[in-house]
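Protein chains in written order, with the numbering used here: chain Y, 77 to 444; chain L, 3 to 301. Just so you know, even glycine gets a beta-carbon here, dropped at the ideal spot from N, CA and C. Here the structure is a predicted model, which is why all the values come from computation and not from measurement.
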Amino acid sequence: MKKLRAFIRKEFYHIGRDVRTLIVMFGIPIIQVLLFGYVLTNEIKDVNIAVLDLAKDNESEKLINKLVSSGYFQLSESIASYDEVDELLKSGRVKEVLIIESGFAAKLERDKLAHIRIIADASDPNNANMIVNYTKGVIAGFLTEMNAGSANAQAISMKPKMLFNPEMKGVYMFIPGILTLILMLISAMITSISIAREKELGTMEVLLVSPLNPIQIIIGKILPYLVLSFFNAFLIILLGIFVFEIPVLGSFVLLMAESLLFIILALSIGIFISTVAKSQQVAIMISLVALMLPTILLSGFIFPIDNMPLVLQRVSNIIPAKWFIIIIKNVMIKGTGFEYIWKETLILVAMCFFFIAVSVKKFKIRLE
Amino acid sequence: MLEVSEISKNYKNIPALNKISFNVGKGEMFGIIGPDGAGKTSLIRILTTLLIPNSGYAKLDGLDVVKDFKKIRKKIGYMPSKFSLYQDLSVYENLSFFASVFGTTIDENYDLIKDIYQQIEPFANRLAGKLSGGMKQKLALSCALIHRPDFLFLDEPTTGVDAVSRKEFWQMLATLKKLGISILVSTPYMDEATLCDRVMLIQKGNALTIDSPAAITAHFPHPMWSIKGGSLYKIKKVLEGYEFTHSVNSFGQDLHYVDKRTQINITEIRNFIQSKTGELVEVNTILPNIEDCFIEYSR
Numbered sequence: 077m078k079k080l081r082a083f084i085r086k087e088f089y090h091i092g093r094d095v096r097t098l099i100v101m102f103g104i105p106i107i108q109v110l111l112f113g114y115v116l117t118n119e120i121k122d123v124n125i126a127v128l129d130l131a132k133d134n135e136s137e138k139l140i141n142k143l144v145s146s147g148y149f150q151l152s153e154s155i156a157s158y159d160e161v162d163e164l165l166k167s168g169r170v171k172e173v174l175i176i177e178s179g180f181a182a183k184l185e186r187d188k189l190a191h192i193r194i195i196a197d198a199s200d201p202n203n204a205n206m207i208v209n210y211t212k213g214v215i216a217g218f219l220t221e222m223n224a225g226s227a228n229a230q231a232i233s234m235k236p237k238m239l240f241n242p243e244m245k246g247v248y249m250f251i252p253g254i255l256t257l258i259l260m261l262i263s264a265m266i267t268s269i270s271i272a273r274e275k276e277l278g279t280m281e282v283l284l285v286s287p288l289n290p291i292q293i294i295i296g297k298i299l300p301y302l303v304l305s306f307f308n309a310f311l312i313i314l315l316g317i318f319v320f321e322i323p324v325l326g327s328f329v330l331l332m333a334e335s336l337l338f339i340i341l342a343l344s345i346g347i348f349i350s351t352v353a354k355s356q357q358v359a360i361m362i363s364l365v366a367l368m369l370p371t372i373l374l375s376g377f378i379f380p381i382d383n384m385p386l387v388l389q390r391v392s393n394i395i396p397a398k399w400f401i402i403i404i405k406n407v408m409i410k411g412t413g414f415e416y417i418w419k420e421t422l423i424l425v426a427m428c429f430f431f432i433a434v435s436v437k438k439f440k441i442r443l444e
Numbered sequence: 003m004l005e006v007s008e009i010s011k012n013y014k015n016i017p018a019l020n021k022i023s024f025n026v027g028k029g030e031m032f033g034i035i036g037p038d039g040a041g042k043t044s045l046i047r048i049l050t051t052l053l054i055p056n057s058g059y060a061k062l063d064g065l066d067v068v069k070d071f072k073k074i075r076k077k078i079g080y081m082p083s084k085f086s087l088y089q090d091l092s093v094y095e096n097l098s099f100f101a102s103v104f105g106t107t108i109d110e111n112y113d114l115i116k117d118i119y120q121q122i123e124p125f126a127n128r129l130a131g132k133l134s135g136g137m138k139q140k141l142a143l144s145c146a147l148i149h150r151p152d153f154l155f156l157d158e159p160t161t162g163v164d165a166v167s168r169k170e171f172w173q174m175l176a177t178l179k180k181l182g183i184s185i186l187v188s189t190p191y192m193d194e195a196t197l198c199d200r201v202m203l204i205q206k207g208n209a210l211t212i213d214s215p216a217a218i219t220a221h222f223p224h225p226m227w228s229i230k231g232g233s234l235y236k237i238k239k240v241l242e243g244y245e246f247t248h249s250v251n252s253f254g255q256d257l258h259y260v261d262k263r264t265q266i267n268i269t270e271i272r273n274f275i276q277s278k279t280g281e282l283v284e285v286n287t288i289l290p291n292i293e294d295c296f297i298e299y300s301r
């Protein structure tokens with residue numbers, strides 16, 4: 077016990093004195109969460125638009141107010157003639173121009189039909205598509221509101237129903253994925269590097285000749301990183317809650333407990349990698365290739381598993397990340413309890429035992 | 003006491019050690035002398051339970067280095083050839099880590115390492131990676147000694163260390179020997195052989211000879227001459243073509259010359275060199291050193 081304590085203390089000295097490790101452990105996760113959360117989202121916010129209001133009546137005024145107050149758009153220019161539209165879009169100052177025909181209110185009243193032309197900057201087609209869809213949505217909302225209470229109105233309903241993510245927020249999908257990716261990569265990579273470093277520097281030779289046994293060395297390597305990774309998971313979830321306003325609908329304690337299980341699994345995978353890798357470079361390569369790609373591609377993080385060929389669907393079953401993503405999506409976004417995720421939890425527990433057992437067995441008590 | 007019997011080790015098909023046998027008694031300082039690649043590190047790693055030999059056995063106080071490796075690991079101190087302490091830990095932290103790992107404390111065995119550790123104690127808070135070569139060796143030796151081992155294995159402890167530190171290091175080993183600790187030390191420096199009680203000269207995995215340094219040099223089979231003065235390179239070339247030459251090697255400012263004949267005189271050699279090169283040289287009989295013996299036996 078005293079030996080183990082000395083070993084763990086030594087590990088903390090290593091971590092504390094190695095600025096690079098600290099940056100990898102805490103800097104990268106935070107940067108990744110913020111980047112993924114902000115950059116890779118599919119939602120729009122404060123898009124600059126211009127309006128050519130040829131009607132200038134009370135209804136067109138209302139519509140413009142409605143657009144601006146939605147939060148998606150920002151009215152940055154008002155223009156007076158068609159000639160300016162082209163120039164304005166070319167300059168890039170606005171992404172979309174709305175043209176409201178003259179006599180807008182009167183036509184709505186008399187013909188029950190008025191026209192609005194939407195011109196979008198389609199140099200970024202995806203973005204343009206999204207902006208136009210959002211605009212349509214706001215206008216549809218405007219129409220529904222206006223028609224409320226009148227009997228013979230044409231009610232247009234375009235409102236899509238999105239379960240669990242009514243605003244189609246991208247971060248909702250990304251946070252569980254990133255949490256998984258970071259915990260898997262950082263935990264596995266750092267433990268495998270720290271063991272490979274002992275081999276590379278020759279200190280493993282001295283440790284082997286000492287009375288320390290493999291289990292003590294493995295526990296001594298896992299425990300410090302367990303504490304740090306758990307703190308990391310906590311940090312990422314807090315970022316999700318406070319920066320991206322993702323609610324944790326289920327039990328927070330359950331979420332953290334499942335994270336802890338996944339961290340132990342990732343750490344034991346790291347130990348397993350180090351029994352194979354002889355140098356730090358090899359350890360990094362194996363961690364990146366064998367863990368990062370499957371975790372991103374086959375876990376359901378970015379590409380839905382249901383759309384994969386059957387072979388890959390089968391392969392995805394051995395990717396720990398797949399099960400963990402199911403678990404956190406359930407707990408965070410759907411708010412389900414343990415009774416819905418016990419199977420996935422059991423799979424992770426089994427994987428943990430497997431990797432720890434193999435690592436202890438494969439751990440070399442001698443040099444080669 | 004250490005008993006080594008016909009140890010062989012191959013790496014794939016390349017032989018590294020070939021039937022090495024020797025004994026080291028209690029409190030003895032045994033040297034393994036040989037150039038790089040002779041098999042010194044492989045041998046020490048087998049004896050410290052880190053490698054398994056392909057054949058042969060070794061026993062330390064009756065414990066087999068393969069079967070009883072756990073028990074042996076508690077009894078021995080090992081200092082690998084590469085500086086293998088934690089560079090990012092301070093001197094004190096390294097020492098106390100190894101003390102704890104072996105289930106002891108610095109205070110408990112302070113008397114044993116006192117003489118060595120006192121020299122680096124002023125730098126107790128300095129990171130081990132920032133120490134000079136000589137101080138690193140002292141720290142590594144302190145760490146290898148902190149659990150009061152019966153047997154100390156040192157793999158090239160003086161390689162890459164300056165001359166003064168080397169001398170100090172051997173003095174420390176002599177002190178440890180007096181405390182009854184058996185020491186097995188390897189070195190590529192032939193001049194360090196005389197500091198051991200007994201040595202084994204090793205070359206390409208084969209033991210050339212095992213004896214005390216004095217006995218090894220005394221058993222040199224030929225008379226030896228040193229040749230001084232003139233252009234050594236030219237004289238060496240000439241002697242290599244001489245019909246009675248057994249061997250000729252340069253040693254700093256001298257040539258060490260061995261003649262095939264048992265009965266010769268100095269003037270004859272001098273005259274031969276003068277007739278060939280026109281140079282007057284000084285020729286004296288000398289006693290061979292360990293390096294001469296090494297060269298002779300590895301011919």
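Cutoff 8 Å: residue i Cβ touching any chain L Cβ
| i | result |
| --- | --- |
| K79/Y | yes |
| E281/Y | yes |
| S344/Y | no |
| M238/Y | Note that M238/Y scores 36 on pLDDT, short of 50, meaning its location in the model is unreliable and no value can be drawn from it. |
| R96/Y | no |
| M244/Y | Caution is warranted here: a pLDDT of 43 is assigned to M244/Y, below 50, making its placement in the model unreliable, and the coordinate value is therefore given only provisionally. With 8 Å as the cut-off, M244/Y does not count as an interface residue toward chain L. |
Residue environment, residue i, which counts as buried when at least 16 other CB atoms sit within 10 Å
| i | result |
| --- | --- |
| H149/L | buried |
| E321/Y | exposed |
| K140/L | buried |
| G36/L | buried |
| P323/Y | exposed |
| W418/Y | exposed |
| L189/Y | exposed |
| H191/Y | exposed |
| S363/Y | buried |
| E298/L | buried |
| A196/Y | buried |
| I347/Y | buried |
| F155/L | buried |
| V425/Y | exposed |
| V93/L | buried |
Interface residues of chain Y facing residue i [CB-CB closer than 7 Å]
| i | result |
| --- | --- |
| R128/L | The contacting residues do not exist; R128/L stays about 13 Å from chain Y at best. |
| L53/L | R442, L443 |
Neighbour flag for residue i against chain Y, beta carbons, 8 Å
| i | result |
| --- | --- |
| K76/L | yes |
| I16/L | no |
| P159/L | no |
| D70/L | no |
| T43/L | no |
| R200/L | no |
| R150/L | no |
Beta-ladder partner(s) of residue i, from DSSP
| i | result |
| --- | --- |
| V285/L | I229/L |
| E242/L | The partner list for E242/L (beta bridge, DSSP) is empty, contrary to what the question assumes. |
| E5/L | N25/L, K61/L |
| G79/L | L154/L |
| Y259/L | W227/L, V250/L |
| P17/L | N12/L |
| T211/L | L203/L |
Per-residue contacts from residue i into chain L (C-beta, under 7 Å)
| i | result |
| --- | --- |
| A82/Y | F99, S102, V103 |
| S286/Y | R75, V103, F104 |
Listed by chain order, chain Y residues near residue i by CB distance under 8 Å
| i | result |
| --- | --- |
| P82/L | G278, E281, V282 |
| E95/L | K86, Y89 |
| L87/L | T279, V282 |
| T50/L | V285 |
Chain-ordered chain L contacts of residue i [CB-CB under 9 Å]
| i | result |
| --- | --- |
| V387/Y | Under the 9 Å cutoff, chain L gives no residues; its nearest Cβ is about 38 Å from V387/Y. |
Cross-chain neighbours of residue i in chain Y, by beta carbon under 9 Å
| i | result |
| --- | --- |
| L91/L | K86, Y89, H90, R93 |
Chain-ordered neighbours of residue i on chain L, where CB pairs are closer than 8 Å
| i | result |
| --- | --- |
| V100/Y | Residues of chain L passing the Cβ test: none, with the nearest at roughly 16 Å. |
Cβ-heavy atom distance, residue i to the ligand GTP, below 7 Å
| i | result |
| --- | --- |
| K171/Y | This structure does not include the ligand GTP; it has no bound ligands of any sort. |
**Item:** Segment contact, 8 Å Cβ cut-off, at least three pairs: the region 9-16 of chain L with the region 364-376 of chain Y
**Value:** no
**Message:** I want to know whether the region 256-264 of chain Y touches the region 332-342 of chain Y - three or more CB-CB distances under 8 Å.
**Reply:** yes
**Item:** Validate contact between the region 110-124 of chain L and the region 292-309 of chain Y using beta carbons, cut 8 Å, 3 pairs
**Value:** no
**Prompt:** Just checking, does the region 19-29 of chain L make contact with the region 424-437 of chain Y on the three C-beta pairs under 8 Å criterion?
**Reply:** no
**Item:** Cβ pair count under 8 Å reaching 3, the region 52-65 of chain L against the region 74-94 of chain L
**Value:** yes
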